[in-house]
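This report concerns only the one structure given below.
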Amino acid sequence: MLDKQQISLDLEKYSEVFYHFWEFCNIEETKAIPTAAVSFDKYGKCLRLSINPDFWASQTYTQQLFILCHEMLHVYYKHGAKAKSLIKAGRSDLMQIANIAMDLCVNRVLTTSFGFNRAEIDPENKYCWIDTVFPNNPEDPEKYFEYYYNKIKDNAKVITILTSGKGKGNQLVDSHDGLGELEEDEVDKIIEEISKKVFPQNAKDFVEKTKNGEEDKKPSNSKKAGTQAGGNSLKVRADYKPRAKWESVVRQWCKKALSDSFNENWTRPNRRTMFLDMGGLLLPSENDFAGGKDLEKIKVAFFMDVSGSTYHLAERFFVAASTVPKHRFDVDLYQFDTVVRKLEDGNVIGGGGTSYRVISDHINKMEKEGVLYDSIWILTDSFGDGVSPKYPDRWHWFLTPGSQIAQLPENCNYYNLSEFE
Ligand SMILES: [Zn+2]
Numbered sequence: 021m022l023d024k025q026q027i028s029l030d031l032e033k034y035s036e037v038f039y040h041f042w043e044f045c046n047i048e049e050t051k052a053i054p055t056a057a058v059s060f061d062k063y064g065k066c067l068r069l070s071i072n073p074d075f076w077a078s079q080t081y082t083q084q085l086f087i088l089c090h091e092m093l094h095v096y097y098k099h100g101a102k103a104k105s106l107i108k109a110g111r112s113d114l115m116q117i118a119n120i121a122m123d124l125c126v127n128r129v130l131t132t133s134f135g136f137n138r139a140e141i142d143p144e145n146k147y148c149w150i151d152t153v154f155p156n157n158p159e160d161p162e163k164y165f166e167y168y169y170n171k172i173k174d175n176a177k178v179i180t181i182l183t184s185g186k187g188k189g190n191q192l193v194d195s196h197d198g199l200g201e202l203e204e205d206e207v208d209k210i211i212e213e214i215s216k217k218v219f220p221q222n223a224k225d226f227v228e229k230t231k232n233g234e235e236d237k238k239p240s241n242s243k244k245a246g247t248q249a250g251g252n253s254l255k256v257r258a259d260y261k262p263r264a265k266w267e268s269v270v271r272q273w274c275k276k277a278l279s280d281s282f283n284e285n286w287t288r289p290n291r292r293t294m295f296l297d298m299g300g301l302l303l304p305s306e307n308d309f310a311g312g313k314d315l316e317k318i319k320v321a322f323f324m325d326v327s328g329s330t331y332h333l334a335e336r337f338f339v340a341a342s343t344v345p346k347h348r349f350d351v352d353l354y355q356f357d358t359v360v361r362k363l364e365d366g367n368v369i370g371g372g373g374t375s376y377r378v379i380s381d382h383i384n385k386m387e388k389e390g391v392l393y394d395s396i397w398i399l400t401d402s403f404g405d406g407v408s409p410k411y412p413d414r415w416h417w418f419l420t421p422g423s424q425i426a427q428l429p430e431n432c433n434y435y436n437l438s439e440f441e
C-alpha cells in the first residue's frame, strides 16, 4: 500500500525532519478508523500510523504526503498531551473543540510554511482552515493551539456551527482518538533522536517554520520554557558533527542531481518505483528509466591533487567517485599537479606543484568538444594558483586541514575534510 522508500525521498523535499520522523513510524493498515490516525506503539517504541486502505486509495499522492506530515506535526506539537489533559479533567465534551484547534494549527502551518497547496490538498474545502473556522477573522496571525481553542470555546455560535456541520466544512483530516496514547516523554525521546540526525540548517529551518506564536507568550524567565508541552522542542545542535564520511557529500550531491532530473522527467507522480538503497542513499534503479525517454547522463569530473600533502587521500577520493551510479552519471577521473592527466587505469602518479588553472582550462576545452560537466570535484590543500571558474557553483572543493579558503574563488562549494569523519 505504501512505498516507504519513495515516501522517504519525497518527505525530505518538505523537510529533512519529516524524513527522520518517518523512520520512527510503523504503518498499520486498518478499517477500524475511517481515515488515518497516529498513536504510540509501546512494543516497537515508535509511532504507529494507522491508515484505512480505502481512504488511502482515494487520496492523491500529494494528499497522502500531506496526511503523513499532518500526523507528524500532531506529534511534534504534542497534541497528545493536550488531548490527555482534557480527558483527565473530565472535559471530553470539549474534545471536539480541541480537535478542530489542533487540525487548524497543523493544516495552517503545512500550507503556509511547508509549501503544500491548499487547493490541491482540500479541493472540497472540507478541512479546518482559519477562514472556515473563523470566517470573521481570516487574517488572524496567531497560530497556536491554546489560542484557537479558547477562541472557539468563547464563541458559542461557532461551536454550534462546528458541531453541527458534519459532512460539510471543518472536518478533521484524521482521527484524533489515539493522540492521548502519545506519552510526552516518549515523544521527547523521539524528537531528541531526530535532533541528533538533522543537519543544523534544516533543523533551524524546521523550528522557524513550525513557530506558531506560542513561544512569544511564554515568560522569558520561565523555568519550564522549552520543556512545556506544545513548545518546539527540536534542538538545533551547535555541536553537530556530520558523522558521515566525507564521501557522503558526493553521494548527497548525486541524490539531489537525480531527484532534480527525476522531477523534470517525472510525468506520472503516482508511479510505483523500485529503489536501490546504497548505504542510506536512495537512488532510482536502472529499471526506472528503461523504456522511458532517453535521459542524458549527468557528467561529473573528479580531480585529485597529487602534489604531495594530499597524495595519501587519493584512494579514498576515487572510492568516493566510484559510488556515483554509472547508469545515470558519466564519471571522468583525473589527477592534476601543473598538468591534468586522465586516469584510465586508476594509477595515480605523484607530482609537484599545484595549478587550478589547468583544471579550468581542461574543463573549458572539454566544453568546446561538447562535454559540459555538471559537477566538478577537487581534492586539494588549497595551495595552488588563482582560478576563475566559468560556473563556480558546479565546483566542489574538498580541502585538507590547514587549507586557506580565502585564496580560492567565490561561489564554489567548500568542504573541510577535518569536519568529517
Ligand atoms: Zn488531525
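Numbering (the working numbering), first residue to last: 21 to 441. Quick reminder that beta carbons are idealized off the backbone N, C-alpha and C, glycines included.
- In the three-state reduction of the DSSP assignment, Lys410 falls in the coil class.
- For Ile47, the three-state secondary structure derived from DSSP is strand.
- Between the beta-carbon of Asn190 and that of Val153 there is about 6 Å, and that keeps the pair under the 8 Å contact cut.
- Secondary structure of Thr400 (DSSP, three-state): strand.
- Here Val391 has Lys319 as same chain residues with Cβ atoms under 7 Å from its own Cβ, once five neighbours each way along the sequence are excluded.
- DSSP places Trp76 within a helical segment (H, G or I) once states are collapsed to three.
- Here Glu203 has no same chain residue with a Cβ atom under 6 Å from its own Cβ, once five neighbours each way along the sequence are excluded.
- Under a 10 Å Cβ-count criterion, Ser327 is classified as buried, with 16 or more other Cβ atoms of the shown protein chains found around its own Cβ.
- Taking all protein chains in view, the Cβ of Val351 is crowded by 16 or more other Cβ atoms within 10 Å, so the residue is classified as buried.
- The closest heavy atom of ligand 1 lies 8 Å or more from the beta carbon of His382.
- Look at Lys231 here: in three-state DSSP terms it is coil, with no helix or strand label.
- For ligand 1, no non-hydrogen atom lies closer than 8 Å to the CB of Asn72.
- Taking every protein chain shown into account, the CB of Lys98 has 16 or more other CB atoms within 10 angstroms, so this residue is buried.
- Short of 8 Å from the beta carbon of Phe226, and not among the five residues preceding or following it, lie these beta carbons of its own chain, in chain order: Ser35, Glu36, Val37, Val218 and Leu254.
- Between the stretch 268–282 and the stretch 166–174 there are fewer than three inter-stretch CB-CB distances shorter than 8 Å, so the stretches are not counted as touching.
- The criterion of a C-beta distance shorter than 9 Å is not satisfied by Gly198 and Ser28.
- From the listed residues Pro220, Arg128, Trp417 and Glu439, the smallest Cα separation to Glu159 is found for Arg128.
- Ligand 1 approaches Val126 closely enough that one of its heavy atoms is under 8 Å from the residue's Cβ.
- Closest in alpha carbon position to Lys317, among Ile214, Leu130, Thr230 and Asp280, is Asp280.
- Ranked by how close their Cα comes to the Cα of Thr400, the residues Ile87, Thr330, Ile53 and Lys102 have Thr330 in first place.
- Exclusion of the five residues before and after Tyr164 leaves Asn232, Gly233 and Glu234 as the residues of its chain whose Cβ lies within less than 6 Å of its Cβ.
- Residues lining ligand 1 by the Cβ criterion, that is a Cβ closer than 5 Å to any of its heavy atoms, are Asp123, Val193 and Asp194 in chain order.
- The three-state reading of DSSP puts Ile369 in coil, since its state is none of H, G, I, E or B.
- Following the DSSP letters along the chain, one finds Tyr167 inside the alpha helix (DSSP H) bounded by residues Phe165 to Asp174.
- In the structure shown, the three-state DSSP call for Arg348 is coil.
- When rounded, the separation of the alpha-carbon atoms in Glu389 and Met324 is 22 Å.
- Rounded to whole angstroms, the Cβ separation of Ser380 and Asp405 is 10 Å, and the two are not in contact under 8 Å.
- Assignment of beta-bridge partners to Ala321 by DSSP yields Asp352 and Ile396.
- CA-to-CA, the gap between Leu67 and Ala426 works out to about 47 Å.
- Cα atoms of Glu213 and Ala223: separation of roughly 12 Å, rounded to the nearest angstrom.
- Contact between Cys125 and Tyr96 is absent: CB atoms are separated by about 10 Å, not below the 8 Å threshold.
- In this structure, DSSP gives Ile71 an extended state, which the three-state scheme calls strand.
- In this structure, the CA atom of Phe44 is about 12 Å from the CA atom of Leu88.
- Selection Met122, Ile141, Ile398 and Lys108 evaluated against Arg336 yields Ile398 as nearest (Cα-Cα).
- DSSP places Ala109 outside both helix and strand once states are collapsed to three, so it counts as coil.
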